[in-house]
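A short write-up of the structure that comes next.
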Amino acid sequence: MATHPGYARHWKVRPYMRAASGRVGTGRRPLLIHTLVSTGGRFDPMLAATLAPATRRLYEAARTMCSVAELSAHCGLSLGVTRVLVSDLLKTNELILHDDRPTDVRPSNDVALLERLRAGLRKLT
1 MATHPGYARH
11 WKVRPYMRAA
21 SGRVGTGRRP
31 LLIHTLVSTG
41 GRFDPMLAAT
51 LAPATRRLYE
61 AARTMCSVAE
71 LSAHCGLSLG
81 VTRVLVSDLL
91 KTNELILHDD
101 RPTDVRPSND
111 VALLERLRAG
121 LRKLT
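Per full-length UniProt numbering, residue 1 is the first one in the sequence shown, and the count goes up by one each step.
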């Protein structure tokens, strides 16, 4: 796609086009809304200063572990744009993808917990 000098700043250009630069996929497994990411304690202010504004906001917000959905809401970006930008930061190893698979997949047998859950659900109806 040919671009012209003000393409990235033109008001008719959608944010996902500026972020994705024509890319369609992320190149890795899909980033789900509950996928957890962070800088892993390696936040680099020098790097942050070189990033585009939207990417910088995401990078700064990811100093603490949070989900892709939380980053999207915190930075005021659509989920699609957030996924692309987070994927870019993951590819350059600026963010760490935390394992979102449960370590214990056995059902809970905690009767008190199940009773509280049932009571809470009843209050909703």
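Even glycine gets a Cβ: it sits at the ideal position worked out from N, Cα and C.
message: Quick check on E115: buried or exposed, where buried means 16 or more other Cβ atoms within 10 Å of its Cβ?
response: Looking at its Cβ environment, which holds fewer than 16 other Cβ atoms inside 10 Å, E115 is exposed.
- request: Please report how far the alpha carbon of M65 lies from the alpha carbon of G76, in whole angstroms.
  value: Within the model, the alpha-carbon separation for M65 versus G76 is close to 18 Å.
Inter-residue CB distance, L79 and I33 (contact presumed, cutoff 8 Å): At roughly 7 Å, the Cβ-Cβ gap stays under 8 Å, so L79 and I33 are in contact.
query: Between which two residues does the beta strand (DSSP E) containing S38 stretch?
result: S38 -> beta strand (DSSP E) spans L36 to S38.
message: Is there a C-beta anywhere in chain D that falls below 8 Å from the one on R118?
response: Going by chain labels, chain D is absent from the structure shown, which holds only one protein chain.
Rounded separation between L113 and L90 - CA only: Rounded to whole angstroms, L113 to L90 spans 37 Å at the Cα level.
query: Expressed to the nearest angstrom, what Euclidean distance is found between the alpha-carbon atoms of S38 and V86?
result: Those two C-alpha atoms are separated by around 10 Å.
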